[in-house]
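Participant:
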Amino acid sequence: MTGAGGVQFFWHLFDPRGALLIALIFLPLERLMPTDENQPVLRSGWRTDVAYFLLNRLPAGLGLIVLVVAAVLAGDILVPPTVKASIAALPLWLQVPLLLLLADFVFYAAHRMCHFVPVLWRFHAIHHSAENLDWLAAFRIHPIDQMMTKGMSLIPCFTLGFSEAAVAIYFVFYQWHAILLHSNVRLPFGPLRWVLASPVFHHWHHADDPRAWNRNFGAQLSIWDLMFGTAQMQHDALPRSYGVEGEVPKDYLAQLAHPLRRQRGVGDRIAASEEAPFRP
Ligand SMILES: [Zn+2]
Ligand SMILES: [Zn+2]
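Rendered as structure tokens:
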């Protein structure tokens with residue numbers, strides 16, 4: 018995919034019809050089959066997350082476009098044309114799972130780094146500050162965090178010769194799956210959870226429980242966590258509470274500025290990585 022193609026690809030981030038469709042699907046679904054029946058639609062922090070939903074696509078989208086253009090240019094210089102040609106020659110049904118594996122591996126590594134590098138955790142902690150999880154909470158991501166996690170995972174999409182169709186399928190899957198992972202929709206994955214990240218899998222990633230910190234880093238797949246010993250596969254119960262240690266402001270703009278301020282206590286979760294694996 019060319020740089021211009023990559024930029025064009027991201028224009029849909031600014032299309033309000035996509036946002037409307039997401040709301041029209043997930044609002045009724047969370048009423049029809051909720052995980053937590055007692056969670057109201059207007060739960061605490063909903064105004065902040067609506068602000069992310071409506072406003073964040075501009076700074077986050079622009080950051081991603083810059084990354085995509087840089088990735089395309091880097092790919093042109095660093096990736097041998099034979100590698101690109103070999104991947105481009107693969108049929109679509111092979112390109113899509115290969116891209117999913119590679120992109121999710123990069124996401125896993127970048128996300129894990131965001132939990133262990135203090136300066137990155139400051140930005141990523143904003144995502145973890147949501148105290149209630151639903152479809153809307155998926156949008157609470159600091160633009161710098163968005164570039165560090167999702168942005169990094171897009172690099173294989175734009176450097177290795179994957180077709181526009183494969184990238185488009187991956188990207189649509191990523192968007193909808195990410196919203197489902199945070200939603201208050203009860204959808205058991207059964208044995209599929211050993212390959213794909215399920216809503217319960219990601220809810221445990223958000224648990225406000227030191228025993229479950231720094232687990233389940235995969236975005237689409239659970240296999241990288243299983244392989245590298247960071248999986249927490251409990252599926253018959255959800256965490257009692259969500260959130261992050263330390264004070265995080267409530268408003269959108271204050272949250273954007275928060276990682277740039279001096280903070281205390283951000284090392285708590287990082288130190289927890291030294292502890293023994295979670296045992297339910
Ligand atoms: Zn995280
Ligand atoms: Zn999340």
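In this text, residue positions in the sequence shown follow this note's numbering: the first is 18, and each later residue adds one.
All residues carry an ideal CB built from backbone N, CA and C; glycine is no exception.
Please go through the same chain and pick out, in chain order, the residues whose beta-carbon is closer than 7 Å to the beta-carbon of A36, but skip the five residues on each side of it.
Facilitator: On the sequence shown, residue 36 is found 19 positions in, with the first residue counted as 1. The residues are F70.
Participant: If you draw a straight line from the C-alpha of W63 to the C-alpha of H145, how long is it?
Facilitator: Residue mapping note: residue 63 aligns to position 46 of the sequence shown, counting from 1. Residue mapping note: residue 145 aligns to position 128 of the sequence shown, counting from 1. The alpha-carbon atoms of W63 and H145 are separated by roughly 14 Å.
Participant: Given H199, which residues of its chain have a CB within under 6 Å of its CB, disregarding the five upstream and five downstream residues?
Facilitator: Here residue 199 is taken as the residue at index 182 of the sequence shown, counted from 1. Once the five neighbours on either side are set aside, the close Cβ partners of H199 are L150, A154 and A155.
Participant: Candidates I172, A185, G178 and N201: which alpha carbon is nearest L44's?
Facilitator: For this step, residue 44 is matched to residue 27 along the sequence shown. Closest option to L44, Cα to Cα, is N201.
Participant: If you follow the alpha helix (DSSP H) that K267 is in, where does it begin and where does it stop?
Facilitator: Numbered from 1 along the sequence shown, position 250 holds the residue referred to as residue 267. Per DSSP, K267 belongs to no alpha helix (DSSP H) and is neither H nor E.
Participant: Confirm, please, whether the CB-CB distance from D226 to G235 is below 8 Å.
Facilitator: Along the sequence shown, one-based indexing puts residue 235 at 218. Along the sequence shown, one-based indexing puts residue 226 at 209. No; because the gap between Cβ atoms is not below 8 Å, this pair is not in contact.
Participant: Within the same chain, show all residues whose beta-carbon is closer than 7 Å to that of A248, passing over the 5 residues directly before and after it, in chain order.
Facilitator: Counting from 1 along the sequence shown, the entry for residue 248 is found at position 231. The residues are R232, N233, S239 and D242.
Participant: Excluding the 5 residues preceding and the 5 following I161 in the sequence, name in chain order all residues of the same chain whose CB lies nearer than 6 Å to its CB.
Facilitator: Sequence index remark: in the sequence shown, residue 161 carries index 144 (1-based). Excluding residues within five positions, the ones whose Cβ falls inside 6 Å are F140.
Participant: For L117, which of helix, strand or coil comes out of DSSP?
Facilitator: Walking along the sequence shown from the start, residue 117 turns up at place 100. Note: L117 maps to helix in three-state DSSP.
Participant: Could you tell me whether the Cβ atoms of Q251 and L213 are closer together than 8 Å?
Facilitator: As a working mapping, residue 251 is identified with position 234 in the sequence shown. As a working mapping, residue 213 is identified with position 196 in the sequence shown. Not closer than 8 Å, so no.
Participant: If contact is defined by three or more beta carbon pairs under 8 Å, each pair taking one atom from either stretch, is the stretch 180-199 in contact with the stretch 94-102?
Facilitator: Contact fails: fewer than three Cβ-Cβ distances are below 8 Å.
Participant: Pick out the complete alpha helix (DSSP H) segments inside the stretch 117-157, 4 residues or longer, and give them in chain order.
Facilitator: For the stretch 117-157, whole alpha helix (DSSP H) runs of length 4 or above, ordered along the chain, are 135-145.
Participant: Shorter than 7 Å, the distance from the beta carbon of H222 to the closest heavy atom of ligand 2, or not?
Facilitator: Counting from one through the sequence shown, the residue named residue 222 turns up at place 205. Indeed, a heavy atom of ligand 2 lies less than 7 Å from the Cβ.
Participant: Helix or strand or just coil, what does DSSP make of P173?
Facilitator: By one-based count along the sequence shown, residue 173 stands at place 156. The answer is helix: DSSP assigns P173 an H, G or I state.
Participant: Could you tell me which of H194, F245, M164 and M50 sits nearest to L79, measuring between CA atoms?
Facilitator: By 1-based counting over the sequence shown, the position of residue 79 is 62. Nearest C-alpha to L79: M164.
Participant: Can you say whether L38 is buried or exposed, counting buried as having 16 or more other CB atoms within 10 angstroms of its CB?
Facilitator: Here residue 38 is taken as the residue at index 21 of the sequence shown, counted from 1. Exposed, by the Cβ-count rule.
Participant: Specify whether the stretch 107-122 and the stretch 176-184 touch according to this definition: at least 3 beta carbon pairs, one from each stretch, less than 8 Å apart.
Facilitator: These segments touch.
Participant: Suppose the cutoff is 8 Å on Cβ atoms and the five residues either side in sequence are ignored; what does the same chain contact list for P131 look like?
Facilitator: As a first step, residue 131 must be located in the sequence shown, where it is residue number 114. Before going further, note that residue 131 is Cys rather than Pro in the sequence given. The residues are L137, W138, F140, H141, D162, M165 and T166.
Participant: To which residues does DSSP link Y187 through a beta bridge?
Facilitator: The sequence position of residue 187 within the sequence shown is 170, counting from 1. According to DSSP, which records beta bridges pairwise, Y187 is partnered with nothing at all.
Participant: Do L84 and G168 count as a contact pair if the criterion is CB distance below 8 Å?
Facilitator: What you label residue 168 is simply residue 151 of the sequence shown in a count that begins at 1. What you label residue 84 is simply residue 67 of the sequence shown in a count that begins at 1. Against a cut-off of 8 Å, the Cβ pair of L84 and G168 comes out as a contact.
Participant: So what does DSSP say about V202, is it helix, strand or coil?
Facilitator: For the purposes of this step, residue 202 is identified with residue 185 of the sequence shown, where counting begins at 1. Three-state DSSP puts V202 in a strand.
Participant: What's the gap between the Cα of A127 and the Cα of F175?
Facilitator: Indexing the sequence shown from 1 puts residue 127 at position 110. Indexing the sequence shown from 1 puts residue 175 at position 158. About 17 Å.
Participant: Applying the criterion that 16 or more other CB atoms from any shown protein chain within 10 Å of the CB defines a buried residue, is E47 buried or exposed?
Facilitator: As a working note, residue 47 is residue 30 in the sequence shown. Buried, because 16 or more other Cβ atoms sit within 10 Å of the Cβ of E47.
Participant: Just to check, is the beta-carbon of H219 closer than 7 Å to a non-hydrogen atom of ligand 2?
Facilitator: Within the sequence shown, the letter at position 202 stands for residue 219. True, at least one ligand heavy atom lies under 7 Å from that Cβ.
Participant: Does the Cβ of D268 have 16 or more other Cβ atoms within 10 Å, making it buried, or fewer, making it exposed?
Facilitator: Taking the sequence shown and counting its residues from 1, the one referred to as residue 268 is at position 251. Looking at its Cβ environment, which holds fewer than 16 other Cβ atoms inside 10 Å, D268 is exposed.
Participant: Should H144 be counted as a contact of ligand 3 given a C-beta to heavy atom distance under 7 Å?
Facilitator: Among the ligands in the structure shown, ligand 3 does not appear; only ligand 1 and ligand 2 can be found there.
Participant: Residues in the same chain with beta-carbon distance under 6 Å from L277, minus the five sequence neighbours each way, listed in chain order, please.
Facilitator: Numbered from its first residue, the sequence shown carries residue 277 at position 260. Closer than 6 Å at the Cβ level, and outside the excluded window around L277, lies no residue.
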